[in-house]
Amino acid sequence: MKKLNILLLILSFALVSCDYDKGFEEMNVDPTASTSLDVNQKFAYLFLKSASDEYEYTYTEVLCAAQLVQQLTHQTFPQSSIFSLREDLLTGSWDVAYVSTIKTVVDIIDQLEKDGNTGTEMGIARIMKAYIFHKIVDAYGDTPYFDAGKGYIDSNFRPAYDDAELIYMDMLKELEEGVAQITGSSTLGNSDIIFGGDTTKWKKFGNSLMLRLAMRIKNVDAAGSSAWVAKAISGGVMDSSADTAMMVHTNGPTELNKNAWGIHYVRYPRSRLGKTIYDWLQAKNDPRLNIIADPSNTYGGNPYGFNDEDLSAQGINVGDLPYTHVNPAISRADQPRMLLTYAQTAFVLAEHYAASGDHATAETHYNSAVTSAMNQWALWDSSFALSSADINAYLAVNSYDSANYNELIGDQFWVASFFDFFEAFANFRRTGFPALKPFGGNPAHPENLTNGTIPRRMIYNPAEANINKENFDAVISSQGPNTRTTKVWWDN
Amino acid sequence: MKIYKHIIFTSFLFFVFSISLNAQSISGIINDSEGLPLPGATIQNLNTLDGVSTDFDGKFNIDASLDDVLEISFIGFETFQLKISNLSDDFTIQLELGNELDEVVVSSFGFEKKTKALGYSVTQVEGDEMSRVKSTNPLQALRGKVAGVNISNNASGIKGSTRVVIRGSSSFNGSNQPLYIIDGISIQNEQLGTAGEWGGIDGGDGLSTINPDDIKSISVLKGGAAAALYGSRASNGVILITTKDGGLERQGLGVEISNQTIFTQINDNFNPQMSYGNGLLGVASTNSLDPFNSWGPKLSSGTKLYDNMNTLYDTGLAMTNSVAFTSNTEKGSTRVSFTNLEASDVIDTSELKRNSLNLTTVQNLSDKLTVKASIKYNETREKGNVVMGTSPASPNETIRNFTPEIDVRDYLGEFGNGTTDGINELLPSTSIYSTNPWFAKNNNPISVYRDRLLASTSIQYNINEYLYAKLQAGFDRNTNHFNNTTGQGGNLNFPGISFFPKGDLYQQTQTIKQHDADFFIGTNGINITNDFSFNGFIGTGTFAFESEAVGVLGRNTVIPGLLTIQNTENQAALYQYGKKQINSTYANAEFDYQDKIFLTVTARNDWFSTLSAVGKETPNNDLYGSASLSVILSDLVELPSFLSFAKLRGGFSQVAGGAGNPYSLSLTYGLIGQGHLGSPLGAINGGNIPNVTITPFQKDETEIGLDMKMFNNKLSLDIAYYENKTTGDIVNAATSRASGYTATTINLGEMTNQGVEILLRGTVIDKEDLSLDLSLNYANNQSNVVKTDENGNLLQIAVGSLFNSFIGAKEGEPFGVIYGTSFLRDDQGRVIHKLIDGVPIAQQENVSKVLGLGVAPTQIGFGGDLSYKNFSLYVFFEGKFGGSIISDTNSRMKQLGRHQITVPAGGREVGFTPDGVMDDGSAVPLVAGSDIQKYWNTAARFDIGEENVYTNDFIRISQLSLNYRFPQEVLQGTFIKSANVALVGNNLGFIFKDVPNIDPEAFNRANTNGQGVEGIGMPIGESLGLSINLKL
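Protein chains in written order, with my numbering: chain A, 1063 to 1554; chain B, 72 to 1103.
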């Protein structure tokens, strides 16, 4: 027994003194991932993701915004045509941006700060941050901004919703400071997949975005608006089509590389051109009708305010859904996506000068804008290049009109922003143009939840009411209910 | 159905081996105290160590020499020793009923322990029971048999995975699945994929490849005290599977052959209305591309009606043939078995083939050295795995929707496979989402090849009389090769499908390896005093897990019909790797006082690689222990005479768990896609905020139990009560997406379970030719979510159905509630209706609430075993109570006018009055005619979950077997030692059930915590078949 006890003692000692977690720290390091990343690769991802996210684009831009501005329809998802509710479509942009682009741009700025970078790259990052956020604020109003995307950096799991006005002021400040930081060339190299390293264009992009934001707040802060417009113009905005900010897409190799509309077009074959834009283009004899509309079917646009049952009751075969498709020639995965165009910039400038009474300058910008918007389609396919004669003939009929510049510019901006549905929606809300009628002028749909009016915003993800309750309750009490009729700050 | 042809062949392809026995054999008969023969009693020659057991007539033959001593033993009887004084005698030995029950069960680390010494609950199910009615997944045979073990399966057919939850779930996000140990080695039972709400396939689980015929016994270690020695991985209990070795049953060579052929048909759960036809708002449809709306006019009496379900679904066939050879010598035993399974599902393009080879040998190499080794290899070939859920690739969804007068055969197309041209789908309606079921059935490109090698060995060396050393090691290696398609949101894009005609292909090879090694030193029973003895061991172990997956995703096939990855427009490579390890040290001590009081104490410390990181301040290891006590009351105090045995037991344990996945403590970056315009794209990996402070969760469990045997062991009762509590559960707490992430992990969750388990067994009739045994088990588990996260937020545990619903954890509620939107009700609980377009429409309440409990808290099992001469009849009933189910099938049927509820008693023309009240307080008016469609279109729509939540109580006839054993007289003189033929059946119907149109357990995600969600899977089948067993 004695021997046994000694043996047991020795053994117990041996077992207890073993180094049981030897090598565990090394083992728990993922061999397929890195703990750091070159900022250029983050930038490239940021640029591409800002231009095209299939989910965001399909759900919120196409199925909501494009129907609200009456450019496209989708009868399987008629909620933004009849103004009923389907939450997941409306929350798409908000849901996607924070966990992709916003998270990335916050991470980039954090890395640049840690690297002590206060130059061009930081400037570009700040411009991108403003670009990404302005779409979210315009769509949703008050939203997490100052603390957003910092779940890892600051362990802030439930950021507060910031006032849209404060966000706007900060975005304008970021643009001013960001543009100022851009000096000389950038170190992005071929990761600058927007401007190919041309930092002058980045400055123009920043100033043009500043101009857009400045004009957006015109109705709620006239003085601030003018001051920022002046800053943007003196800083130098885009002045030719070559300055347009856009993303070139390729047909693969992955879905990420593709133009989101190109993906959507294949996957959601019930998309149709809306009756409102179809009729508008047709009435104006606009050469863009033949570009935007599928020339192989000339049924006309899909009317608004009806679901499938209503259309069936009218004798429409909803299986065939006999309305004109978007032209497949502009629906390919390898076609570009506009981020902010020269045409949009020039229209806004035209509006600005017109409002200040300088109609001559306004007319110049108007003509440049229409010309650029017409020429823009050649970027999709060179066969869509229009001759100067055609454009001039169009301008002769649709010439600048100082007595009716608001509608003229608003309508043209709307057509020029086809595929950039969020921007068309924002400009419509601010200017009231085009003068869209609820349900495309058809009777109010009985399922509408908006008292028959065109919705003014998207809605936050209702899960926030559980997950981020305190902050969510606060924003609801300050901004108004989480409905489509609550207006965002500048929309007054 | 070519399998048919094989039946006749294989069933009778029995090759015969004869067995040789040595001369000098003596024979005898063993009877019980009443003179009835005892089959299965063990006779061992203590001199030669040879052993045999008695046959069905209690007879035995054994080799012996003069003066050898035979030891005769049988469970429940006193062991008897006999010295051989005359070799020519025929012995008749009567065994006396034992005072003590020396039943043994296999417990932790494979040790056989006396049942009476156990201070915790262990249930052992013998292999015969497991293979009585064979199923493609061996755990199916355990359903309802073990109190406190809740087994459910997926509505995914023969390849489906099985979910086993012991004594309730203990972790919000863990699998809550027990640890499976086969012959001392843990096996991987990872879930290899599950269907989401938008479709997917059940990828099966690790256990589904284990062959039921090779199982000798299964021990279920239910409580923490039983499982504590296995440490963190056993926080959900342990299922110990011991496979057959040669055994000591018979010297020499033995051959066992069995065949089981089972036919499966879909059950008759689906009961749609058959009186109204195709159309909308009472008007017949003129659109040939809308066969799914049964809102048309009443069908005239002569209309031919079709049972489309039985047209599409086939008779499934599963045939298992197995042959096993055993060899026993003085030094040890060896068993080799080969099993072939060929099966087709009720969708007969879904096939399963499996070959299993199993070699087990136990050899006593010397007096001191025993080696046991086991190698199990199996290859599984699966084809056409059926897609579940709402998916264009599922044949199950639209088949339920065709209106009564439409013959689904009209959609076969000229090629007979649901296509227009042999490749592209013949779409039955205008919706690309509504699949032609023939297309989905006949053009399914999914296949899975699995290869699995399980090897284990144990070497025991007896150092001296008191001490032994044992090394136990082995591995489980799985290679799964998936040929699949992928698509958005789980929709599987079969090439040719209208939803996405080009389709995608996905091929992946995944290798999962896990290794176990344990070394321990233990005692062989040390008598400290005459009354007091000690037994124990101390050990160290390591467990390592490694998985690697290499895949290629090809987008858009180019040449129609060519299903190879090269035939796609572009391809992307995928690679995944993970490795983790747990090192442990543990000790076990057992004290025995006079064989009447037993105390077992265990301790274990686990170290986790997954919780290790440079600079981590919180521990990466955890120490836990258990103590359990067993007191044999019947030996200590005077009890009423009818009580032959009584034992009180109690235990307490602590375990830790949830150490989780590797690499989750730090933020990492990776490249995304394949770059863009020549520039690489990189981003933060994953949507979770890593938390470096994570520690294992704690689970404490207290258990008491009473075990009684009465009336000469004719009646036995086992009652257990337990309480367990999980604290610091690692919760994936949802974060606001505005944080940039969707969740973070924190040690915050708290959950409790308490429950009662009762097992009652009785021998009602015990005559020479007639016996009847009954058993009843009952279990009730009450779980309670104490804390979800720091704000008490509702946690989503699993996705729900298409409605605004999910499976959640809410503080103060049981775990796994169905959470969703409900009807708007007034103070009196009446559903408020509002006139919309002149139709009273039930209103939705905007706030979600608990609509039911996805897991039934109460289950019962009732079995009867009747023997008459050579016949025996076995029936088993399984019931579950207190749960609910949310049903997509019923919702869809209501929306499309297919549900019987859409046809009021007097017909749609007469109408019905919905239950409830109008918003102005007035009575709800009659809803009739075309308004009925408007009513159900809204009431059953996706945004009111409550309408489609059903209470889900049921009692199922779960197993049946009618067995005939050929009498020994018939077999005498042949090479056959025993022969059995049985008619067997599985899932033969319901005594009652609450939910219409579906099987109450037609779950879509049964292999996850998402219980209680029916999402249009395969109809559950009823099986009947024939089983033949021969021993040579």
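Ideal Cβ placement from N, Cα and C applies to all residues, glycine included.
Asked, Found
"Is there contact between the stretch 500-512 of chain B and the stretch 352-364 of chain B, where contact requires at least three CB pairs shorter than 8 Å?", "yes"
"Can you tell me whether R1274(A) is buried or exposed, with buried defined as 16 or more other CB within 10 angstroms of its CB?", "buried"
"Per DSSP, which residues does V921(B) bridge with? Please list them.", "Y890(B)"
"Return the CA-CA distance between N1090(A) and G758(B), expressed in angstroms with no decimal places.", "19 Å"
"Only counting the same chain, and skipping five residues up and downstream in sequence, which positions put a Cβ closer than 6 Å to that of E1485(A)?", "S1479"
"Quick check on DSSP: helix, strand or coil for W1552(A)?", "coil"
"Counting only beta-carbon atoms, is K965(B) nearer than 8 Å to chain A?", "no"
"Report back the beta-carbon spacing between F1475(A) and Q1541(A) to the nearest angstrom; my notes put them in contact at under 8 Å.", "No, F1475(A) and Q1541(A) are not in contact; Cβ-Cβ is about 27 Å, not under 8 Å."
"Determine, using beta-carbon pairs with one atom in the stretch 388-402 of chain B and one in the stretch 328-347 of chain B, whether at least three such pairs fall under 8 Å.", "yes"
"Which chain B residues are close to M1400(A), counting only those with a beta carbon under 9 Å from its beta carbon?", "Those within 9 Å of M1400(A) in chain B number zero; the least Cβ separation is about 17 Å."
"Note down, in chain order, all residues in the stretch 1247-1280 of chain A with a beta-carbon under 7 Å from any beta-carbon belonging to chain B.", "N1252, S1253, I1255"
"Hey, is T1555(A)'s beta-carbon within less than 8 Å of any beta-carbon in chain B?", "Here chain A has residues from 1063 to 1554 only, and residue 1555(A) is not among them."
"How close, in whole Å, do the beta carbons of G1060(B) and I333(B) come, if the pair is a contact with beta carbons under 8 Å?", "Not a contact, Cβ separation roughly 16 Å."
"Taking 7 Å as the cut-off, is the C-beta of M781(B) nearer than that to any heavy atom in the ligand SAM?", "You won't find the ligand SAM in this model; it holds no ligand whatsoever."
"Tell me which residue opens and which closes the beta strand (DSSP E) that I310(B) is part of.", "309-314"
"Chain A partners of F641(B), CB-CB under 7 Å?", "First, the residue type needs correcting, since residue 641(B) is Asn and not Phe in the sequence shown. Ordered by position in chain A, the residues that pass the 7 Å Cβ test against N641(B) are G1314, P1315."
"Quick one: what's got a C-beta closer than 7 Å to V177(B)'s C-beta in the same chain, skipping five residues either side?", "E183, Q195, S288, S290, L311, T313"
"Could you name the residues of the same chain whose beta carbon sits closer than 8 Å to that of K905(B), not counting the 5 residues immediately before and after it, in chain order?", "P911, I912, Q914, M989, D990"
"For L360(B), which residues in chain A fall below 8 Å Cβ to Cβ?", "G1381"
"Going by DSSP, what residue range makes up the beta strand (DSSP E) through M1400(A)?", "1399-1402"
"Would you list the one or two residues that DSSP bridges to V193(B)?", "L292(B)"
"Would you mind listing the beta strand (DSSP E) stretches within the stretch 716-750 of chain B that are 3+ residues and don't spill past its ends, in chain order?", "740-742"
"How would you call G686(B), buried or exposed, if buried means at least 16 neighbouring beta carbons within 10 angstroms?", "exposed"
"Could you work out which residue in I1069(B), F983(B), V888(B) is closest to E1017(B) when comparing CA atoms only?", "V888(B)"
"Can you tell me the Cα-Cα spacing of Y1415(A) and K1280(A), whole angstroms?", "13 Å"
"Can you tell me whether L1110(A) is buried or exposed, with buried defined as 16 or more other CB within 10 angstroms of its CB?", "buried"
"Can you look up I668(B) in the DSSP assignment and give me helix, strand or coil?", "strand"
"Quick check on A1010(B): buried or exposed, where buried means 16 or more other Cβ atoms within 10 Å of its Cβ?", "buried"
"Of all the options F679(B), L922(B), Q259(B), which has the alpha carbon lying nearest to the alpha carbon of L278(B)?", "Q259(B)"
"Taking the alpha-carbon positions, what's the V974(B) to Q344(B) distance?", "7 Å"
"Whole angstroms is fine: what's the gap from F1409(A)'s alpha carbon to Y1202(A)'s?", "24 Å"
"Taking any Cβ of chain B, which residues in the stretch 1325-1342 of chain A have a Cβ under 9 Å from it, in chain order?", "V1328, R1329, P1331, R1332"
"Considering only C-alpha positions, which residue in the set W1156(A), F1145(A), K1212(A), K1265(A) is nearest to G1181(A)?", "K1265(A)"
"Examine chain A for any beta-carbon lying closer than 8 Å to the beta-carbon of G749(B), and answer yes or no.", "yes"
"Please tell me whether V1241(A) and N1269(A) are closer than 8 Å, where the distance is taken between their beta carbons.", "yes"
"Per the contact definition of three or more C-beta pairs closer than 8 Å, is the stretch 1504-1520 of chain A in contact with the stretch 788-795 of chain B?", "no"
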